[in-house]
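Residue numbers (the numbering used here): 21 to 340.
Just so you know, even glycine gets a beta-carbon here, dropped at the ideal spot from N, CA and C.
Fair warning: this is a prediction, and the values are worked out from it, not measured in the lab.
Following: one structure in structure tokens, then a few remarks.
If you want it as structure tokens, here you go:
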């Protein structure tokens with residue numbers, strides 16, 4: 021491992037000012053827009069600015085076939101989607117993220133609000149948590165504004181069935197943002213559950229799965245460490261609560277108010293021991309937890325295995 025270069029693995033160059041130059045240019049896909057989707061397209065999407073100053077925005081998704089004024093049709097759950105990318109990569113316009121949201125929207129079905137949060141290291145934690153709180157408060161405001169509120173949400177979304185759904189680092193964002201949202205007045209919106217798909221947590225003391233999978237080809241330990249260096253506030257370490265939720269602190273008193281949680285993990289993920297320890301902590305704190313762990317699989321397996329991607333969608337569908 022001594023010759024291993026985590027920056028090369030991540031395809032980034034660390035600059036003197038602490039920012040990074042990203043060497044990969046991931047393919048992107050434009051939103052369809054409200055009117056310009058193709059015949060037979062299952063999902064339509066559009067982009068909305070969240071905070072112009074912070075350059076955050078969202079991509080909204082809805083199934084294309086929906087009755088417009090039929091009150092007998094049940095409205096759809098609203099899922100706030102927080103993408104993967106190790107804190108440093110991807111946008112909701114990235115094709116890989118866009119297609120995941122299309123699938124989620126179509127197969128659950130749901131209204132998906134995918135947040136383009138600020139990336140690290142240019143934006144350190146808790147910036148991403150604040151962006152998520154901004155997005156949820158924006159959704160709440162659409163419920164309150166019966167004249168100018170976002171039509172897709174007002175007409176098709178069920179504000180009493182809102183979920184935070186995060187993948188990998190997005191799972192970390194979902195958990196920590198849910199804790200922050202406990203201090204906000206959200207009515208008539210209600211966070212009905214938090215979905216953590218292979219959540220990205222860490223700590224200074226190595227777990228057995230981290231040591232066993234230290235040279236994992238996709239997610240090796242030196243890369244995990246560098247990603248935390250990028251994401252965590254300056255002067256902190258991996259036992260900061262943003263990284264290690266098992267640490268004691270005042271925030272632990274809030275965890276039992278989270279409501280329902282779904283945690284998904286795989287045995288070949290270096291993070292699996294932390295994820296299972298996290299589930300045990302939630303249960304101990306009185307949270308209603310549904311844990312879905314498979315001994316076979318690795319971090320991000322759904323990207324290359326369509327059957328696992330479909331299984332994860334089914335877990336989410338059953339949960340919401």
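Check: Neighbourhood of residue 321 by C-beta, 7 Å cutoff - its chain only, sequence neighbours within 5 removed; Outcome: 286, 328
Check: Contiguous alpha helix (DSSP H) assignments of at least 4 residues, all confined to the region 219 to 259; Outcome: 228 to 232, 241 to 251
Check: Selected residue, minimal CA-CA separation from residue 335, among 324, 146, 309; Outcome: 309
Check: Close beta carbons around residue 299, own chain, < 7 Å, minus the five adjacent residues each side; Outcome: 283, 309, 311
Check: As assigned by DSSP and simplified to three states, the class of residue 318; Outcome: coil
Check: Residue 231 classed as buried or exposed, judged by whether at least 16 other C-beta atoms fall within 10 angstroms; Outcome: exposed
Check: Any non-hydrogen atom of the ligand ZN within 6 Å of residue 25 CB; Outcome: Ligands are entirely absent from the displayed structure, and the ligand ZN is therefore not among its contents.
Check: Buried/exposed call for residue 338, threshold 16 Cβ in 10 Å; Outcome: exposed
Check: Spatial distance of residue 135 from residue 248 (CA atoms); Outcome: 21 Å
Check: Minimum C-alpha distance to residue 76 - residue among 314, 149, 238, 115; Outcome: 149
Check: 7 Å Cβ cutoff met for residue 184 and residue 198; Outcome: yes
Check: C-alpha gap between residue 64 and residue 113, whole angstroms; Outcome: 14 Å
Check: Segment limits, beta strand (DSSP E) that includes residue 136; Outcome: 131 to 136
Check: Chain-order list of residues whose beta-carbon lies under 6 Å from that of residue 132 (same chain, five-residue window excluded); Outcome: 81, 99, 101, 121, 124, 125
Check: Own chain partners of residue 317 with C-beta closer than 7 Å, once the 5 adjacent residues on each side are dropped; Outcome: 286, 287, 288, 328
Check: Close-in-space but distant-in-sequence residues of the same chain around residue 333 (CB under 8 Å, 5 per side omitted); Outcome: 123, 124, 127, 128
Check: Residues bridged to residue 114 (per DSSP); Outcome: 48
Check: Residue 24, buried or exposed, once every other Cβ within 10 Å from all chains shown has been counted against 16; Outcome: exposed
Check: Rounded C-alpha distance that separates residue 115 from residue 290; Outcome: 26 Å
Check: Exposure of residue 204, with buried meaning 16 or more beta-carbon neighbours within 10 Å; Outcome: exposed
Check: Inter-residue spacing [alpha-carbon to alpha-carbon] between residue 263 and residue 30; Outcome: 20 Å
Check: Coarse secondary structure for residue 335, derived from DSSP in three states; Outcome: helix
Check: Enclosing alpha helix (DSSP H) for residue 167 [first to last residue]; Outcome: It is not in any alpha helix (DSSP H) - residue 167 carries neither H nor E in the DSSP assignment.
Check: Cβ neighbours of residue 190 in the same chain (closer than 7 Å, five flanking residues each side left out); Outcome: 102, 103, 104
Check: Cβ distance (whole Å) where residue 142 is taken to contact residue 39 below 8 Å; Outcome: 5 Å
Check: Residues that DSSP places opposite residue 97 in a beta bridge; Outcome: 178
Check: Residue 167 versus residue 173 - alpha carbon distance; Outcome: 12 Å
Check: Same chain only: Cβ atoms within 6 Å of residue 275, ignoring 5 sequence neighbours per side; Outcome: 305
Check: Those residues which DSSP pairs with residue 41 across a bridge; Outcome: 33
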